[in-house]
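Single-structure report; data block below.
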Amino acid sequence: MTWVITRLCSDCKDTACVEVCPVDCIYELTVDDTSYRNQLFIDPDECIDCGACEPECPWGAIFEDAAVPEVFGQDTEINASVFQEHSREEFRITPEQLLDDPIPEQVIENEKKWGYER
Ligand code: SF4
Ligand code: SF4
């Protein structure tokens with residue numbers, strides 16, 4: 278089992294999840310690759326399935342792999358493939374918060390943008 282960062286994280290990268298991960302397995306890709314969105318990724322081989330990151334995400338972007346909504350179905354594979362297609366030197370654990378927390382209306386707007394309805 279692993280946890281998955283979905284496209285709801287795109288262009289956010291506020292790093293709230295990074296700060297609580299006990300094994301530092303949440304990464305940012307540092308090289309240009311248009312196959313991947315501008316978001317963070319969980320390495321499924323390193324994730325210890327603790328679930329600590331999920332409640333910290335202000336955008337609701339993190340799901341257990343078995344519970345990833347259908348509309349984000351590809352994101353489980355994307356979190357795995359990015360680590361297969363890039364070397365570890367091409368990732369970093371993002372050091373600083375990039376955005377303030379969203380207000381509820383922004384969270385809903387972001388979900389709508391990606392076709393997600395709770
Ligand atoms: S807390 Fe959520 S939105 Fe922020 S970087 Fe982590 S997954 Fe992305
Ligand atoms: S479930 Fe735990 S180990 Fe896995 S990414 Fe989240 S905080 Fe890290």
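Residue 380 in the working numbering sits at position 103 of the sequence shown, with consecutive numbering throughout.
Ideal Cβ positions, reconstructed from N, Cα and C, are used throughout, including at glycine.
Please read all numbers here as calculations on a predicted model, not as lab measurements.
Residues of its chain near Asn315, where Cβ-Cβ distance is below 8 Å and the 5 sequence neighbours each way are ignored: Ser287, Asp288 and Lys290
In angstroms with no decimal places, state the Cα-to-Cα distance between Thr307 and Ile282. 17 Å
Which first and last residues belong to the beta strand (DSSP E) in which Val412 is found? This structure does not reach residue 412, given that the chain is present from 278 up to 395, and the question cannot be answered.
Which two residues bound the contiguous beta strand (DSSP E) that contains Glu305? Ile303 to Leu306
How far does the beta strand (DSSP E) with Glu341 in it reach, from first residue to last? Ile339 to Glu341
Under 8 Å between C-beta atoms, does Glu367 make it to chain C? Judged by its chain identifiers, the structure shown contains no chain C, having just a single protein chain.
Does the distance between the C-beta of Cys298 and the nearest non-hydrogen atom of ligand 1 fall short of 7 Å? no
Looking only at DSSP bridge pairs, what is Arg369 linked to? Glu305
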